[in-house]
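Chains as they are written, first to last, in the working numbering: chain P, 31 to 281; chain G, 31 to 281.
Every residue, glycine too, gets a C-beta built ideally from N, C-alpha and C.
Number of protein chains: 2
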Amino acid sequence: MEYTVKQLGDLAGVSGRTLRYYDQIGLLKPHMVNESGYRIYGPKEVDRLQQILFYRELGVDLSTIKELLDSPDFNEQDALREHHRHLLAKRRQLDLLLQNVEQTLSALEGGKPMSDQEKFIGFKEKLIKENEEKYGQEVREKYGDDAVDASNAKLMGLTEDKYAEMQKLAEEIIASLVKAVGKERPEGPEGQRIAELHRKWLSFTWPNYSKAAHAGLAEMYVADERFTAYYDQHKKGAAQFLRDAITAYAK
Amino acid sequence: MEYTVKQLGDLAGVSGRTLRYYDQIGLLKPHMVNESGYRIYGPKEVDRLQQILFYRELGVDLSTIKELLDSPDFNEQDALREHHRHLLAKRRQLDLLLQNVEQTLSALEGGKPMSDQEKFIGFKEKLIKENEEKYGQEVREKYGDDAVDASNAKLMGLTEDKYAEMQKLAEEIIASLVKAVGKERPEGPEGQRIAELHRKWLSFTWPNYSKAAHAGLAEMYVADERFTAYYDQHKKGAAQFLRDAITAYAK
DNA sequence: ATAAGCCCTTACGTTACGTCAATGTCAAGG
DNA sequence: CCTTGACATTGACGTAACGTAAGGGCTTAT
């Protein structure tokens with residue numbers, strides 16, 4: 031199919047000005063220009079525009095998009111899979127915001143008041159993005175491993191004794207957290223003891239411990255609702271507390 | 031608590047420049063300025079910043095935000111409920127985009143090719159916003175249709191056997207819910223079994239299952255009081271439980 | 001007392017378009 | 001055939017929401 035500026039614009043939900051601008055900066059050149067100067071777009075341009083919009087949706091700036099799409103080793107499949115990952119991350123962030131709204135509402139209606147930190151959970155897009163790039167894979171691998179670990183730890187070389195020890199440790203961490211939240215400070219001695227326990231717990235499955243990775247994981251505890259839910263199921267605010275404790279510990 | 035520019039910025043995930051800009055345009059004035067000219071923010075400013083960020087996240091421009099927050103009949107509760115609605119809408123749009131990516135991928139891998147229209151589903155934010163009310167109604171009408179569908183499923187190509195099977199499934203879901211609510215956790219094994227049953231049940235009428243859509247429907251179960259009433263008639267809290275179970279399941 | 005890390009204001013730069021303005025093109029109807 | 005109205009074109013200027021750099025004070029730790 032062939033489209034004029036308006037037609038393609040309507041199709042994709044962008045303005046004519048936008049398409050002319052994209053032409054101007056060389057991001058999306060029309061397939062051809064007819065004798066009276068009209069821009070005519072073909073199927074290849076349609077697909078390219080789709081790619082552009084995927085990137086734009088994720089907040090990538092136009093010059094970067096251009097570089098990416100024009101790079102000789104650009105692979106559409108990989109790009110789409112990346113889009114998918116990032117969209118999922120964005121949805122997780124949205125879910126955090128939804129939780130935040132709900133909590134704020136209930137606090138307003140006389141529920142439990144929120145800490146100032148809690149009031150901004152879900153907004154720090156950039157931090158989450160950066161963290162994901164740095165530690166995301168590590169954490170994801172870890173998370174995947176966790177599931178495996180739990181069900182058949184023997185395969186990973188852990189003896190049953192060790193596994194039991196690990197579980198006991200996990201329980202102690204939770205129990206300590208439940209007691210500490212709201213009473214102790216994360217940077218205080220009890221908070222630091224918990225962080226130390228957590229480091230020990232980690233050492234069962236992490237081949238090599240690093241403070242940076244530990245801090246990154248802690249950040250994940252509040253950024254990824256799966257973790258948050260896990261810790262908060264025993265006591266609300268536990269994930270937050272643990273995060274702060276570890277952050278202080280890793281410094 | 032009192033905060034300086036940097037402290038509040040770090041807390042909320044915005045830059046110092048941003049806070050100074052907000053001061054400049056009168057959107058967020060500091061509680062006070064100390065003798066050496068430092069901006070000092072108090073608890074009221076923290077809350078106002080939170081409100082600002084909620085609006086900003088939804089794409090409202092700063093001058094409009096200012097008008098809203100300064101309007102004499104501004105009501106925080108209503109605003110939060112609005113935020114909630116819009117965030118849900120945004121999530122629906124994200125789900126559309128996710129589907130789009132998935133379809134594009136499968137088309138690339140030799141699946142069914144997409145029409146040019148389909149290539150841009152999920153991008154037209156503005157249209158979605160405008161049509162939100164319309165869309166919502168459509169969905170609700172669709173729900174009405176679903177009820178009709180269910181009652182005379184033969185028209186939809188379901189054999190009577192299949193239909194009976196479907197009803198049995200529905201009954202099992204209700205029965206399991208009644209037992210589980212208040213005793214089991216939604217993320218626990220029983221909750222997940224119920225979510226799985228629900229997925230199976232859905233598959234009778236949905237042409238293609240997607241986790242995103244499943245989760246979206248679950249959200250509807252608590253957002254639309256007709257759904258809630260349907261599930262809660264047997265046991266209070268059942269809709270909530272089912273929602274949580276499905277949400278965990280779809281992750 | 002010197003460095004590090006905050007804070008201030010002023011001011012210019014940037015991105016991704018929106019919005020005129022002045023003008024040419026094209027299909028449809030009276 | 002002519003007009004009309006919706007489209008198209010190229011400038012050119014405007015804008016929102018900051019980023020960034022320059023030049024200079026304040027506070028705290030070593």
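What residues in its chain sit with their C-beta under 7 Å from that of residue i, if we drop five residues either side in the sequence?
i	result
Phe104 (chain P)	Leu98
Ile276 (chain G)	Ala225, His228, His244, Ala245, Ala248
Leu127 (chain G)	Gly152
Arg47 (chain P)	none
Glu75 (chain P)	Leu58, Pro60, His61
Can you say whether residue i is buried or exposed, counting buried as having 16 or more other CB atoms within 10 angstroms of its CB?
i	result
Tyr68 (chain G)	exposed
Gly39 (chain G)	buried
Met144 (chain P)	buried
Ile55 (chain G)	exposed
Val63 (chain P)	exposed
Arg111 (chain G)	exposed
Asp91 (chain P)	exposed
Ser206 (chain P)	buried
Glu201 (chain P)	exposed
Gly152 (chain G)	buried
Pro60 (chain G)	buried
His116 (chain P)	buried
Lys154 (chain P)	buried
Pro216 (chain G)	buried
Glu106 (chain G)	exposed
Lys281 (chain P)	exposed
Asp125 (chain G)	buried
Glu148 (chain P)	buried
Does chain G have any CB closer than 8 Å to the CB of residue i?
i	result
Leu124 (chain P)	yes
Lys120 (chain P)	yes
Ala42 (chain P)	yes
Tyr173 (chain P)	Since pLDDT at Tyr173 (chain P) reaches only 36, below the 50 mark, its modelled position is unreliable, and the value read off the structure follows with that caveat. Not one chain G Cβ lies under 8 Å of Tyr173 (chain P).
His358 (chain P)	Not covered by the structure: residue 358 (chain P). The range shown for chain P is 31 to 281.
Phe104 (chain P)	no
Asp274 (chain P)	no
Leu128 (chain P)	yes
Gln147 (chain P)	yes
Lys154 (chain P)	yes
Lys265 (chain P)	no
Leu83 (chain P)	yes
Gln37 (chain P)	no
Glu160 (chain P)	Any answer about Glu160 (chain P) is weak, because its pLDDT of 45 lies below 50 and its placement is not dependable; what the coordinates show is given next. So no, Glu160 (chain P) is outside the interface.
Glu87 (chain P)	yes
Leu57 (chain P)	no
Specify, as a first and last residue, the run of the alpha helix (DSSP H) that residue i falls within.
i	result
Thr34 (chain G)	Counting along the chain, Thr34 (chain G) falls outside any alpha helix (DSSP H), and DSSP gives it neither H nor E.
Phe150 (chain P)	No alpha helix (DSSP H) contains Phe150 (chain P), which DSSP labels as neither H nor E.
Asp77 (chain G)	73–87
Ile95 (chain P)	92–100
His61 (chain G)	Premise fails: His61 (chain G) is in no alpha helix (DSSP H) and is neither H nor E.
His113 (chain G)	106–138
Tyr52 (chain P)	46–54
Ala280 (chain P)	Segment: none, Ala280 (chain P) is in no alpha helix (DSSP H) and carries neither H nor E.
Using a Cβ-Cβ cut-off of 8 Å, state whether residue i counts as contacting chain P.
i	result
Gln270 (chain G)	no
Leu99 (chain G)	no
Thr34 (chain G)	no
Thr134 (chain G)	yes
Glu226 (chain G)	no
Gln5 (chain G)	An answer regarding residue 5 (chain G) cannot be provided, because it is not within the stretch 31 to 281 covered by chain G.
Leu49 (chain G)	no
Ala54 (chain G)	The sequence as given places Gln at residue 54 (chain G); Ala does not occur at that position. Gln54 (chain G) does not count as touching chain P.
Val76 (chain G)	yes
Val90 (chain G)	no
Met62 (chain G)	no
Val131 (chain G)	yes
Near residue i, which residues of its chain fall below 8 Å by C-beta distance, leaving aside the five closest residues on each side in sequence?
i	result
Lys266 (chain G)	Val211
Lys230 (chain G)	Leu199
Thr34 (chain G)	Tyr68, Arg69, Ile70, Tyr71
Ser45 (chain P)	Gly39
Once the 5 residues before and after residue i are set aside, which same chain residues still bring their CB inside 6 Å of it?
i	result
Tyr85 (chain G)	Ile95
Ala177 (chain P)	Annotation note: pLDDT 31 at Ala177 (chain P) (below 50); position unreliable, coordinate value reported separately. Hits under 6 Å: none found.
Glu220 (chain P)	Ala210, Glu214
Ala42 (chain P)	Leu79
Asp274 (chain P)	Pro216
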